[in-house]
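Worksheet for the structure shown next.
Residue numbers (this note's numbering): 1 to 477.
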């Protein structure tokens, strides 16, 4: 992703997490965001080794202030990690964090001898991991149809209907006025609008996703957890705990749909969700996770667990197809760790209910071509807006639009619930009670494939999904 776009994302997420000083990493390369001045370690003996090693490193190399190294907060949470402060988070700017980098280097030899990772940055996990495509919904006509359309089914759902848990932002207050969501329940969205009645950033994201699951698999019991209600952002050490809370509130579901994550520059997962992932591996739940929108082959977590030994059946990582279904969407992450692609560009679903129209403010963007180098008018500039995510130099006058229920949105966030819906639809059609077996059967039976940057990958296409014509690129003056 272009560095200026990542700085734009940084400003947006920092606004949503005002009490947490953040830095860009690694070393201002614009790959991920993390908490300044803090590292994570496994609680117990390993945390003590990290503290002692970092203090000794700082004394020997004058790389930091040894007396500032201390543990933050009590141990004992289910995520199995503790935060260790290694510097004053208020010092310096957002362009990397030398103290954190020094702490990681200090443990390199220890980790090499132990044969495992013992320390990590505290990454920001987010539902909009970059600012492309337009991480904002586009209004559609009130009489527009959802895409995918709601599948037709016979009869009423039985007591053995598959259960899908969506971990995202919460549900809008009037979501039940959208008929396909009549059987959905869960957490309410916090603070839907600001003091001027304008829809807040990413509000409706969880409702939109639940609508996609309900369209593809209408007889599914859907629960939405609002674990990511803080504008879709959460620190890594909290993410594992929130995942535990979500699955334990109503029992482990058949399918867990997560449209959030982060890269971390590594190939062995996230320390903050390691305990949760190990527990998941022993359950029957299938995790369906988004591949991320960085246009990169770098592993994106938790989706990339699909490529780690022991998780092959437990995780389905999903990338986004272009609007016409002919290729991967330009923004979608890719690589061998992405196991399938589903429609994820210009989908239509419920953003809110239909009781009260709500306004939303856009700021015009300045893009004349796809920033990833593709030759079609992708969502980078179709339509031409980028709300508060706009770069410096964009038009100072925002546009206000109204949402009256449905919206159009793009991202791997939305390919994920489409794939989750296809898994549970397969379960219902085949009488299959094991979601992991359903995953295998679904992928084995796929007769549609797509070439994504040279790789031949399964394409999960719901029968009610309608391809959308890809506009020709805008002629440059």
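C-beta: ideal position from N, C-alpha, C; glycine also.
Pair within 8 Å by beta-carbon distance, residue i and residue j
{"i": "residue 416", "j": "residue 233", "result": "no"}
{"i": "residue 204", "j": "residue 172", "result": "yes"}
{"i": "residue 117", "j": "residue 321", "result": "no"}
{"i": "residue 494", "j": "residue 80", "result": "Past the boundaries of the shown model lies residue 494; the chain is included only from 1 to 477, so the question cannot be answered."}
{"i": "residue 354", "j": "residue 404", "result": "yes"}
{"i": "residue 179", "j": "residue 465", "result": "no"}
{"i": "residue 97", "j": "residue 23", "result": "yes"}
{"i": "residue 33", "j": "residue 124", "result": "yes"}
{"i": "residue 467", "j": "residue 324", "result": "yes"}
{"i": "residue 301", "j": "residue 328", "result": "no"}
{"i": "residue 21", "j": "residue 36", "result": "yes"}
{"i": "residue 82", "j": "residue 114", "result": "no"}
Chain-order list of residues whose beta-carbon lies under 6 Å from that of residue i (same chain, five-residue window excluded)
{"i": "residue 408", "result": "138, 140, 346, 348"}
{"i": "residue 463", "result": "none"}
{"i": "residue 427", "result": "162, 438"}
{"i": "residue 245", "result": "none"}
{"i": "residue 11", "result": "none"}
{"i": "residue 221", "result": "161, 163"}
{"i": "residue 338", "result": "291, 317, 319"}
{"i": "residue 447", "result": "none"}
{"i": "residue 401", "result": "139, 360"}
{"i": "residue 299", "result": "267, 337"}
7 Å Cβ shell around residue i - same chain, five flanking residues per side excluded
{"i": "residue 51", "result": "69, 71, 84"}
{"i": "residue 420", "result": "164, 213, 255, 257, 288"}
{"i": "residue 243", "result": "167, 273, 276"}
{"i": "residue 392", "result": "Caution applies to residue 392, whose pLDDT of 46 falls short of 50 and renders its modelled position unreliable; the value that the coordinates give is listed next. Once the five neighbours on either side are set aside, residue 392 has no close Cβ partner at all."}
{"i": "residue 335", "result": "297"}
{"i": "residue 16", "result": "230, 231, 233"}
{"i": "residue 310", "result": "281"}
{"i": "residue 177", "result": "353, 354, 355"}
{"i": "residue 66", "result": "55, 58, 59"}
Member of the options whose CA lies at the smallest distance from the CA of residue i
{"i": "residue 326", "options": "216, 291, 262, 450", "result": "450"}
{"i": "residue 459", "options": "425, 340, 442, 404", "result": "340"}
{"i": "residue 142", "options": "176, 350, 445, 418", "result": "350"}
{"i": "residue 294", "options": "260, 283, 284", "result": "260"}
{"i": "residue 57", "options": "113, 99, 36", "result": "99"}
{"i": "residue 248", "options": "78, 67, 65, 429", "result": "78"}
{"i": "residue 360", "options": "220, 23, 192", "result": "192"}
{"i": "residue 31", "options": "266, 61, 59", "result": "266"}
{"i": "residue 152", "options": "19, 357, 219", "result": "219"}
{"i": "residue 356", "options": "102, 113, 199", "result": "199"}
{"i": "residue 216", "options": "127, 440, 418", "result": "418"}
{"i": "residue 314", "options": "45, 299, 115, 283", "result": "283"}
{"i": "residue 90", "options": "115, 119, 18", "result": "18"}
{"i": "residue 126", "options": "169, 252, 150, 119", "result": "169"}
{"i": "residue 119", "options": "374, 410, 264", "result": "264"}
{"i": "residue 433", "options": "414, 469, 253, 445", "result": "253"}
Rounded distance between the beta-carbons of residue j and residue i, thought under 8 Å
{"i": "residue 412", "j": "residue 333", "result": "7 Å"}
{"i": "residue 107", "j": "residue 53", "result": "6 Å"}
{"i": "residue 280", "j": "residue 435", "result": "The pair is not a contact, with the Cβ atoms about 12 Å apart (cut-off 8 Å)."}
{"i": "residue 442", "j": "residue 343", "result": "That pair is no contact at about 15 Å."}
{"i": "residue 38", "j": "residue 110", "result": "That pair is no contact at about 19 Å."}
{"i": "residue 101", "j": "residue 202", "result": "Contact doesn't hold; Cβ gap of about 30 Å is too wide."}
CB contact below 8 Å: residue i versus chain B
{"i": "residue 82", "result": "Absence of chain B from the displayed structure is noted, only one protein chain being present."}
Nonlocal neighbours in the same chain, by C-beta distance under 8 Å from residue i, ignoring five residues either side
{"i": "residue 175", "result": "181, 184, 207, 210, 350, 352, 353"}
{"i": "residue 144", "result": "348, 406"}
{"i": "residue 194", "result": "200"}
{"i": "residue 73", "result": "82, 83"}
{"i": "residue 440", "result": "313"}
{"i": "residue 430", "result": "438, 441"}
The segment 179–188 contacting the segment 212–230, beta-carbon criterion three pairs below 8 Å: Result yes; three or more Cβ-Cβ pairs closer than 8 Å.
Specify whether the segment 306–314 and the segment 453–463 touch according to this definition: at least 3 beta carbon pairs, one from each stretch, less than 8 Å apart. No, because fewer than three Cβ pairs between the segment 306–314 and the segment 453–463 fall closer than 8 Å, the two stretches do not touch.
Are the segment 267–283 and the segment 229–244 in contact at 8 Å, needing three or more beta carbon pairs? Contact holds: three or more Cβ-Cβ distances are below 8 Å.
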